Amino acid sequence: MDEREFGRSHQHASVVGLGTWQLGADWGDVDDKEAVSVLEAAAESGVTFFDTADVYGDGRSESAIATFLGSRPDHHVLLATKMGRRVEQVPENYVLDNFRAWNDRSRRNLGVDRIDLVQLHCPPTPVYSSDAVFDALDTLVEEERIAAYGVSVETCAEALTAIARPNVASVQIILNPFRMKPLREVLPAAREAGVGIIARVPLASGLLSGKYTKDTAFAADDHRTFNRHGEAFDQGETFSGVDFATGVEAAAEFAALAPEGWTPAQLALRWIIQQPGVTTVIPGARSPEQARANAAAAKLPPLGEETLTAIRDLYERRIKDQVQVRW
Numbered sequence: 010m011d012e013r014e015f016g017r018s019h020q021h022a023s024v025v026g027l028g029t030w031q032l033g034a035d036w037g038d039v040d041d042k043e044a045v046s047v048l049e050a051a052a053e054s055g056v057t058f059f060d061t062a063d064v065y066g067d068g069r070s071e072s073a074i075a076t077f078l079g080s081r082p083d084h085h086v087l088l089a090t091k092m093g094r095r096v097e098q099v100p101e102n103y104v105l106d107n108f109r110a111w112n113d114r115s116r117r118n119l120g121v122d123r124i125d126l127v128q129l130h131c132p133p134t135p136v137y138s139s140d141a142v143f144d145a146l147d148t149l150v151e152e153e154r155i156a157a158y159g160v161s162v163e164t165c166a167e168a169l170t171a172i173a174r175p176n177v178a179s180v181q182i183i184l185n186p187f188r189m190k191p192l193r194e195v196l197p198a199a200r201e202a203g204v205g206i207i208a209r210v211p212l213a214s215g216l217l218s219g220k221y222t223k224d225t226a227f228a229a230d231d232h233r234t235f236n237r238h239g240e241a242f243d244q245g246e247t248f249s250g251v252d253f254a255t256g257v258e259a260a261a262e263f264a265a266l267a268p269e270g271w272t273p274a275q276l277a278l279r280w281i282i283q284q285p286g287v288t289t290v291i292p293g294a295r296s297p298e299q300a301r302a303n304a305a306a307a308k309l310p311p312l313g314e315e316t317l318t319a320i321r322d323l324y325e326r327r328i329k330d331q332v333q334v335r336w
């Protein structure tokens with residue numbers, strides 16, 4: 010699989026990575042054996058970028074990655090985790106002592122001495138303007154606890170503030186055919202600054218797979234049930250902030266645009282991959298088959314102008330008014 014330079018980190022990542030939220034929690038249960046099989050399938054398909062977080066299953070996702078790496082010591086993976094959501098989300102908690110403690114825990118979970126990339130996990134907006142926070146992250150690099158750091162953001166405004174920071178290696182942001190606002194300013198700014206872009210929630214929590222109807226029900230412990238209206242965390246993380254009924258209708262239109270032999274999910278991933286400035290896209294997977302199908306999008310040909318225009322038109326007609334002003 011093609012790899013791209015990963016921002017200011019001087020590392021490289023596969024154009025399709027693997028998001029591992031599904032392997033920890035909030036998407037229904039996945040047993041440990043199945044989690045490792047997903048990681049194996051992704052690696053065998055050329056994926057060299059794994060994204061996780063210390064709160065995914067309270068470390069379960071990180072531990073699954075450690076199990077996989079223990080069985081495949083020859084497989085190079087750029088490991089990215091996130092920190093900052095194990096405590097109350099207030100700026101006062103984003104301090105060096107907490108960073109060290111959270112980092113120590115993640116390094117133990119992952120079974121590594123140094124983590125390739127640590128990201129602040131959607132912190133409160135004032136954190137992005139705090140010199141002390143980023144000085145503390147620089148200290149983690151100096152102490153060789155991490156190789157580089159980035160941020161995972163909710164809004165385009167937060168992304169632009171982070172990109173202006175001199176040592177931020179990457180920004181992780183929601184980007185998909187139902188969330189196009191980052192194309193306007195964030196991606197150009199990242200390219201200019203040499204900051205990597207990790208595109209998350211690429212399938213809008215599965216909407217863009219085209220598999221759901223308005224009657225689809227999700228498990229009680231699935232965030233697509235308990236966070237549909239932002240009850241537990243930012244609403245934008247669930248269905249990209251799109252109303253479910255509207256999303257299902259728009260997803261059906263989107264699926265009709267898929268070229269012959271492509272799945273709707275592959276169409277969404279291919280669209281993201283070819284956006285200038287994107288470093289890697291991190292779809293999740295709950296089965297080896299999903300991991301392989303997602304990775305296959307990296308080998309599909311670029312979309313033509315007619316398809317790109319149709320996708321943009323769908324966003325403008327059905328989705329933009331719900332999401333553009335909020336994130």
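All residue numbers for the sequence shown refer to my numbering, where the first residue is 10 and numbers rise by one.
We treat Cβ as the ideally placed atom computed from N, Cα and C, and that holds for glycine.
Remember, it's a predicted structure, so these values are computed and weren't measured experimentally.
Boundaries of the alpha helix (DSSP H) in which residue i is found, first to last residue
i      : result
Lys329 : Lys329 to Val332
Arg13  : Counting along the chain, Arg13 falls outside any alpha helix (DSSP H), though it belongs to the beta strand (DSSP E) covering Glu12 to Phe15.
Val287 : Neither: Val287 is in no alpha helix (DSSP H) and is coded neither H nor E.
Ser115 : Leu105 to Leu119
Glu315 : Glu314 to Leu323
Glu43  : Asp41 to Glu53
Environment of residue i [buried if 16+ CB atoms lie within 10 Å]
i      : result
Asp63  : buried
Lys42  : exposed
Ala229 : exposed
Arg326 : exposed
Ala300 : buried
His85  : exposed
Glu101 : exposed
Val257 : buried
Ser218 : buried
Which of helix, strand or coil DSSP assigns to residue i
i      : result
Leu126 : strand
Asp60  : strand
Arg141 : With the sequence shown as reference, residue 141 is identified as Ala, and Arg is not the correct amino acid for it. In this structure, Ala141 counts as helix in the three-state DSSP scheme.
Asp83  : coil
Gly293 : strand
Gly28  : strand
Ala302 : helix
Asp231 : strand
Ala260 : helix
Leu88  : strand
Val251 : coil
Asn102 : helix
Gly239 : coil
Continuous beta strand (DSSP E) stretch holding residue i: start and end
i     : result
His21 : Gln20 to Ser23
Rounded separation between residue i and residue j - CA only
i      : j      : result
Tyr103 : Gly270 : 47 Å
Thr76  : Glu153 : 23 Å
Val204 : Phe15  : 8 Å
Lys223 : Gly250 : 16 Å
Ala241 : Leu184 : 21 Å
Ala259 : Glu71  : 34 Å
Gln98  : Met10  : 38 Å
Asn112 : Arg321 : 40 Å
Leu129 : Lys91  : 6 Å
Arg95  : Gly313 : 44 Å
Arg237 : Arg335 : 16 Å
Asn176 : Asn118 : 26 Å
Gly239 : Gly245 : 8 Å
Val210 : Pro292 : 7 Å
Enumerate, from N- to C-terminal direction, the unbroken alpha helix (DSSP H) stretches of 4 or more residues contained entirely within the region 152 to 225. 165 to 172 and 195 to 202
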